[in-house]
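Data first, discussion second: the structure below is written as structure tokens.
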Amino acid sequence: MTGNSGNIDGKQAGPKVFEPVWAIALNTFRETVRDRILYALILFAAIVTVLGIVLGSLSVGQDIRILKDIGLAAISFIGGIIAVFAGTNLVYKEVERRTIYLIFTKPVSGWQFVLGKYIGLCLCVAVMVAAMGAFLIFVITAASGSAGFAEQLRQMGQELALIYLELLFVTALATFFSTFSTPVMSVLFTLAIWLAGHLGDSLIELGKLTQNPVISQFLSVIFYCLPDFAGLTRIRGHLLYGTVPGIEVLTYLVTYVFAYVLMLLVLAAIVTERKEYT
Amino acid sequence: MADVVIQATNLSKELTSSLLRRKVRILSGLNLKVARGETFGLIGPNGAGKTTSIKLMLGLMRPTEGAAEILGMPAGDKKALAQLGYLPENPYFYSHLTGREFLDFAGQLFGIEKKERSERAQELTKLVGLTEAADTQMRKYSKGMLQRLGIAQSLINRPQLIFWDEPMSGLDPIGRKDVRQILFHLKEKGTTIFFNSHLLPDVNEVCDRVGVMNRGQLIVQEDVKNISQGGSYKDLEDFFLEVIAKAEAGAEARS
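Going line by line, the protein sequences match chains P and E. Residue numbering for the first sequence follows my numbering, starting at 1285 and increasing by one per position. Residue numbering for the second sequence follows my numbering, starting at 466 and increasing by one per position.
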């Protein structure tokens, strides 16, 4: 039995480097999907969407718009809840349950672990958003009777993609905090930054109102450090009213989100690598 | 000693208590060498520093002083980790996975090909007596079954060296006998074995050499043959109790 390991010299050339990443991602995905809480959230989405139909029927001529608004808000909210609560437990739970011993006594680096956990949760969030989005589009198609499923998918696909982009961001924040903080504190930190990121514009306005250059400068620095969730919401607003932003805006947005996510994951990997598992 | 695969030199660890910020020394100056193919048992009372020693050798913890080398590489080196197997004390696994899925996961972490992983999972579940439960979720496993699965995952990469922390824990007499047989099988194949245990008859039966730890110090190392054949001690338990009693008396006299 001796001397015939799969990767005997510990070198991980080419695609082998991503083998542990994929294993950890798949395990995280399985764990989150097999968690029954997700089914409750899908049920919640269905209830909210049905509520949208009821509300829509009460408002003459605006039923589809209200249904879309409520449905997308529900998807964003539920996706966010999954990202925050599952994300903040990601690394912490591995340490608490001591399953981390089994990972880091194998040839796995901190970055492979963090990236695997992140990708696994992002896959899970993607499935959830896709499932809820498909359900919403189905309900809208049935309610409107005019445009077919494919047409509704074309119209709402970009909004769903933007919601997912924001959730990638939130998942990265939650993952980062889970590497060094308890789940309760991580939830608080993530929610605080998520909320503050949505209020970014208000910080600049507040700075102007104070008329104090030092405070104004300080608030500007915070504005630029915080993730720009408000920007994402603005673009979703444009999409809702049928205005498609230019390719340069979308390119900027995607680059911005991925750069921020990369920075958070690098920091999370550094923390994980430096940590001791007593 | 020819071909040393585990070497600890003045390995020491201090932890800082979170409340009073007081430093507590949990391991002091561990010097140890284990040769290729040897079976070494580390024994000692609870809190003696056995698990800490293993964690330092595996790179899960960093030493305050000293160093450990595994297969000629620094502790925690990925090349060394690729060639060893580890069973933690009271192992916790992913309860949502089946035994087979977990072994596949462990194999993937080593970069083993899918077909090979599947064959090894089959072979190892048979070795540890879990063939029938291989497709059952681990949340339904008993403590003994988890221990068996832990042993199986520690062998998935066909390691040259294994570190087992309390491998007999949670096992019934039949399970203990099975683990002893696995240990003999690994010994025959030339695997170097390092394990901690409280079950001295098992240590006596399996090990070539033992080290006794007390209060964070390795106080004695001895060949098992010398203990049983030297005539001074009835058995390993007798040796262990006397060594610990002497160490405790010495510690009390110093304090």
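Each residue gets a CB set at the ideal place from its N, CA and C atoms; glycine is no exception.
Does the segment 502-516 of chain E come close enough to the segment 654-669 of chain E that 3 or more CB-CB pairs lie under 8 Å?
Short answer: they touch.
Classify glycine 1481(P): buried if its beta carbon has 16 or more other beta carbons within 10 angstroms, exposed otherwise.
Flag for glycine 1481(P) reads buried.
Enumerate in chain order the residues of its own chain whose CB-to-CB distance from glycine 655(E) is below 6 Å, with the five nearest sequence positions on each side excluded.
Cβ neighbours of glycine 655(E) beyond the five flanking positions: Gly502.
What residues of chain E sit near isoleucine 1387(P), judged by a beta carbon separation below 8 Å?
Result: Leu574.
Closest Cβ-Cβ distance between methionine 610(E) and chain P: below 8 Å?
Chain P contact via Cβ: absent.
Run through chain E and tell me which residues come within less than 7 Å of valine 1392(P), C-beta to C-beta.
Per Cβ cutoff of 7 Å: Leu574.
Could you pull the DSSP bridge partners for glutamate 534(E) from this structure?
DSSP lists Gln472(E), Pro539(E) as partners of glutamate 534(E).
Since I believe glycine 514(E) is in contact with lysine 1300(P) (beta carbons under 8 Å), could you give me their beta-carbon distance rounded to a whole number of angstroms?
Lysine 1300(P) to glycine 514(E), Cβ: 36 Å. No contact.
Under 8 Å, Cβ to Cβ, is there at least one residue of chain P near alanine 547(E)?
By this cut-off, alanine 547(E) is an interface position.
When you compare the CB of arginine 641(E) with every CB in chain P, is at least one pair closer than 8 Å?
For arginine 641(E), the answer is no, since every Cβ of chain P falls outside 8 Å of its Cβ.
For isoleucine 616(E) versus isoleucine 647(E), is the C-beta spacing smaller than 8 Å?
Cβ distance < 8 Å, so isoleucine 616(E) and isoleucine 647(E) count as in contact.
For chain P, check one thing: does any of its Cβ atoms lie closer than 8 Å to the Cβ of leucine 480(E)?
Yes, contact with chain P.
Closest to proline 1304(P) by C-alpha separation, out of Ala1543(P), Gln1396(P), Arg1314(P), Ile1350(P), would be which residue?
With distances taken between Cα atoms, proline 1304(P) lies closest to Gln1396(P).
Cα separation between glutamate 1557(P) and lysine 1377(P)?
Going from the Cα of glutamate 1557(P) to the Cα of lysine 1377(P) covers about 17 Å.
Use the C-beta contact count for isoleucine 694(E): other C-beta atoms within 10 angstroms, 16 or more gives buried, fewer gives exposed.
The question names isoleucine, but residue 694(E) is glutamine in the sequence shown. The residue in question, glutamine 694(E), is exposed, as its Cβ has fewer than 16 Cβ neighbours within 10 Å.
Does any residue of chain E bring its CB to less than 8 Å from the CB of alanine 1410(P)?
No, alanine 1410(P) does not count as interfacial toward chain E.
Under the three-state reduction of DSSP, which class applies to threonine 1383(P): helix, strand or coil?
Reduced to three states, the DSSP call for threonine 1383(P) is coil.
In the DSSP assignment, the beta strand (DSSP E) including asparagine 555(E) goes from what residue to what residue?
Per DSSP, asparagine 555(E) belongs to no beta strand (DSSP E) and is neither H nor E.
Who are the near neighbours of aspartate 1293(P) in its chain, counting only those whose CB is closer than 6 Å to its CB and skipping five residues on each side?
In this prediction, aspartate 1293(P) has a pLDDT of 45, which is less than 50 and means its spatial position is unreliable; what the coordinates show is noted afterwards. If we look at aspartate 1293(P) and ignore the five residues flanking it on each side, it has no Cβ neighbours.
For glycine 1363(P) and leucine 1451(P), which I take to be in contact (beta-carbon distance under 8 Å), what is that distance rounded to the nearest angstrom?
Confirmed, about 5 Å.
Quick check: is the beta carbon of proline 632(E) nearer than 8 Å to any beta carbon in chain P?
Closer than 8 Å: no.
Express the C-alpha separation of phenylalanine 567(E) and valine 1375(P) in angstroms, rounding to a whole number.
Rounded to the nearest angstrom, the two C-alpha atoms are 18 Å apart.
Less than 8 Å between the beta carbons of leucine 636(E) and glutamine 618(E), yes or no?
No, these two residues do not count as a Cβ contact at 8 Å.
Does chain P have any CB closer than 8 Å to the CB of proline 553(E)?
With 8 Å as the cut-off, proline 553(E) counts as an interface residue toward chain P.
Ordered along the chain, which non-local residues of its own chain (more than five positions away) have a Cβ less than 8 Å from that of isoleucine 1387(P)?
Cβ neighbours of isoleucine 1387(P) beyond the five flanking positions: Ile1308, Glu1378, Phe1397.
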